[in-house]
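Asker: Chains as they are written, first to last, in this note's numbering: chain A, 1 to 255; chain B, 1001 to 1255. Pasting a structure below so you can have a look.
There are 2 protein chains.
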Amino acid sequence: MTPFQTIGIVHSCFKEKFGIPRQPRMIPEATGVLKLLDLPEMRDAVRGLEEFSHLWVIYIFHGHKNVLGPEPADWKSLIRPPRLGGTKKVGVFASRSPHRPNPIGISAVKLDRIDLAATGGIELHLSGLDLLDQTPVIDIKPYVSYADSIPEAETSWATDPPRQLPVEFSPEALSECERIAREEIPGFNQLVKKMIALDPRPAFQAQRGAQGPQTAEQSYAARIHHFDVHWTLQQSQGQEALGNERCRVTRILAL
Amino acid sequence: MTPFQTIGIVHSCFKEKFGIPRQPRMIPEATGVLKLLDLPEMRDAVRGLEEFSHLWVIYIFHGHKNVLGPEPADWKSLIRPPRLGGTKKVGVFASRSPHRPNPIGISAVKLDRIDLAATGGIELHLSGLDLLDQTPVIDIKPYVSYADSIPEAETSWATDPPRQLPVEFSPEALSECERIAREEIPGFNQLVKKMIALDPRPAFQAQRGAQGPQTAEQSYAARIHHFDVHWTLQQSQGQEALGNERCRVTRILAL
């Protein structure tokens, strides 16, 4: 067993697991700050990092039960990828599931700027995040295209970005979203729209329409920044359901 | 501090640090086997992995002093990247140096095949390796192009693959290389040539010609598979030296 030190903590717009996109850079408006430990050597450690547009964040999946579990038994060898509709099992090593023997994640995200003068520790301002708030980070590496970029890699069922559902807003929700984007959080309306369009439901829920009534409407909520975003999803039954799902943002509540 | 479990060990063609390419996939002939722990759940854990052409290996830099060092002081905040000639310091987080606060590496390598029937544990046969023999692995993830491939990322000084030096063989070395490639290790001659062409010398040595005599010849050796490969590098002095360096493989000795 190898012990690792946390080098910093991510303060993310995603305050709970539900709603987080399943890969990085799906939502450019998903922002956060990696706050490094307040150590004098950190100023040197990030020197030159600003010359890279993207970086790898290597982190701990801290929102999962298997975290810190010292026994190898605390993991699942088979998982059901949402992209396969939750109906097919694949090996955990053939997936990016957080339920891994070692709960390590890697995400290539955009580095917007570095604030060396921030109080309490240097801040890396990031976007395109897929990280839960308070994620402990154990390493940062520059993204190096010639080593890391393999556009032609064959990737089985994970070839294309996930499909996106149509999203509409209630008049009240739209008005509130636009106010927030204008006054508090630039891009907030796009963040909400894209988060919901990516359909954050667990795969087993996304499939449930087929066993339910002809048309089912479900309500969901997710906490983003300091808001609770509520939406409904109307789903039709059976094969013809694909393309008939519609999302509607109903309310935005400040916390 | 988070403890991690080793899930397997890499048996690599690179038996010592010297000679290892500084990024993965520089040498397709650089092969190895990731031997997973001999646990019954591993068979499930790799199910479906064969549908991916490339995978991320997440591993421990075990060949470095800072490994297992419990104190944050066991790392360097500034390092000298070989690509910058060893003359300029950058922050460790702006580099892929192994001298990191947490000695974690990530390498995207090619998955050639999976041997489920191997005795003593499942084997993943890999190529394009940049890993030292006996490297402990803590995670495997499929390479997913839409999430991991950012060809347009701006990467400062690390934009292009490293330059390659011309390599020639002594008649004896060439004959031995070709015999090994034919009888023992397919591609061995290409492996040797590309390893040397990538100039594995530490940056401070690669710069030394400028302070030495007009023309310097240095001898080197590196252990690859079960052979010691010897070569010389002839280097001219000063600015005009670039492009005047020549490598010559002199001997291949079986161990």
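For every residue, glycine included, the Cβ atom is placed at its ideal position computed from N, Cα and C.
1) Of all Cβ atoms in chain A, is any one closer than 8 Å to the Cβ of residue 1102 of chain B?
2) Buried or exposed for residue 1120 of chain B, please, with buried defined as at least 16 other CB atoms from any protein chain shown within 10 angstroms of its CB.
3) If you measure between the beta carbons of residue 218 of chain A and residue 198 of chain A, is that distance less than 8 Å?
4) Closer than 8 Å, Cβ to Cβ, to anything on chain B: give me those residues from the region 154 to 165 of chain A, in chain order.
5) By DSSP's criteria, residue 1231 of chain B is part of a beta bridge. Which residues make up the other side?
6) Taking 8 Å as the threshold, find out whether the region 1153 to 1166 of chain B comes into contact with the region 1081 to 1101 of chain B through three or more Cβ pairs.
7) Below 8 Å between beta carbons: does that hold for residue 1108 of chain B and residue 150 of chain A?
8) Measuring only between beta-carbons, confirm whether residue 132 of chain A sits less than 8 Å from chain B.
9) Mind reading off the beta-carbon distance from residue 129 of chain A to residue 32 of chain A? Whole number of angstroms is fine, and I expect it under 8 Å.
10) What residues from the region 1045 to 1057 of chain B come within 9 Å of chain A, judged by C-beta to C-beta, listed N to C?
11) For a contact meaning CB atoms closer than 9 Å, what does residue 33 of chain A contact in chain B?
12) For residue 1005 of chain B, I'd like the list of residues in its chain whose CB is within less than 6 Å of its CB, leaving aside the five on either flank, ordered along the chain.
13) Between residue 142 of chain A and residue 1053 of chain B, is the Cβ-Cβ spacing less than 8 Å?
14) For residue 1231 of chain B, which residues in the same chain have their Cβ closer than 7 Å to its Cβ, ignoring the five residues on either side in sequence?
15) Using the C-alpha atoms, what's the distance from residue 166 of chain A back to residue 60 of chain A?
16) Give the residues of chain B in contact with residue 96 of chain A, contact being defined as C-beta atoms less than 9 Å apart.
17) Just grab the DSSP bridge partners of residue 1115 of chain B for me.
18) How would you list, in chain order, the residues of chain B whose beta-carbon sits under 7 Å from the beta-carbon of residue 91 of chain A?
19) Where does the unbroken beta strand (DSSP E) through residue 1010 of chain B begin, and where does it stop?
20) Between residue 186 of chain A and chain B, is any beta-carbon pair separated by less than 8 Å?
21) The beta strand (DSSP E) that contains residue 136 of chain A, what's its start and end?
22) What did DSSP end up calling residue 103 of chain A once you bin it into helix, strand or coil?
23) Counting only Cβ pairs nearer than 7 Å, list the residues of chain A close to residue 1170 of chain B.
Answerer: Taking the geometry as given:
1) One-based indexing of the second sequence puts residue 1102 of chain B at position 102. Yes, because at least one Cβ of chain A sits closer than 8 Å to the Cβ of residue 1102 of chain B.
2) Locating residue 1120 of chain B in the second sequence gives position 120, where the first residue counts as 1. Exposed, since its Cβ has fewer than 16 Cβ neighbours within 10 Å.
3) For the purposes of this step, residue 218 of chain A is taken as the residue at position 218 of the first sequence. For the purposes of this step, residue 198 of chain A is taken as the residue at position 198 of the first sequence. No.
4) 154, 155, 156, 157, 158, 159, 160 and 161
5) Counted from its first residue, the second sequence places residue 1231 of chain B at position 231. Paired residues: B/1220 and B/1249.
6) yes
7) The residue given as residue 1108 of chain B occupies position 108 in the second sequence. The residue given as residue 150 of chain A occupies position 150 in the first sequence. For residue 1108 of chain B and residue 150 of chain A, yes; Cβs fall inside 8 Å.
8) The sequence position of residue 132 of chain A within the first sequence is 132, counting from 1. It does not; no Cβ of chain B falls within 8 Å.
9) Numbered from its first residue, the first sequence carries residue 129 of chain A at position 129. Numbered from its first residue, the first sequence carries residue 32 of chain A at position 32. Indeed, because the Cβ distance is near 5 Å, the residues count as touching under 8 Å.
10) 1045, 1046, 1047, 1048, 1049, 1050, 1051, 1052, 1053, 1054, 1055 and 1056
11) Taking the first sequence and counting its residues from 1, one reaches residue 33 of chain A at position 33. The contacting residues do not exist; residue 33 of chain A stays about 15 Å from chain B at best.
12) Position 5 of the second sequence holds residue 1005 of chain B. Counting only Cβ-Cβ distances below 6 Å, and skipping sequence neighbours, we find nothing.
13) The residue labelled residue 142 of chain A in the question sits at position 142 within the first sequence. The residue labelled residue 1053 of chain B in the question sits at position 53 within the second sequence. For residue 142 of chain A and residue 1053 of chain B, no; Cβs fall outside 8 Å.
14) Within the second sequence, the letter at position 231 stands for residue 1231 of chain B. So the list reads 1196, 1220, 1247, 1248, 1249 and 1250, once near-sequence residues are dropped.
15) The sequence position of residue 60 of chain A within the first sequence is 60, counting from 1. The sequence position of residue 166 of chain A within the first sequence is 166, counting from 1. Approximately 33 Å between the Cα atoms of the pair.
16) For the purposes of this step, residue 96 of chain A is taken as residue 96 along the first sequence, with counting starting at 1. Residues of chain B passing the Cβ test: 1141, 1142, 1144 and 1147.
17) Counting from 1 along the second sequence, the entry for residue 1115 of chain B is found at position 115. Partner(s): B/1123.
18) For this step, residue 91 of chain A is matched to residue 91 along the first sequence. What residue 91 of chain A touches in chain B: 1044, 1045, 1046, 1047, 1048 and 1049.
19) As a position in the second sequence, residue 1010 of chain B is number 10, starting the count at 1. Residue 1010 of chain B -> beta strand (DSSP E) spans 1008 to 1012.
20) Position 186 of the first sequence, counted from the first residue, corresponds to residue 186 of chain A. It does not; no Cβ of chain B falls within 8 Å.
21) Start at 1 with the first residue of the first sequence, and residue 136 of chain A comes out as number 136. 135 to 142 is the span of the beta strand (DSSP E), which, as asked, contains residue 136 of chain A.
22) Counting from 1 along the first sequence, the entry for residue 103 of chain A is found at position 103. Here residue 103 of chain A sits in coil by DSSP.
23) In the second sequence, counting from the first residue as 1, residue 1170 of chain B sits at position 170. Simply none; closest approach about 32 Å.
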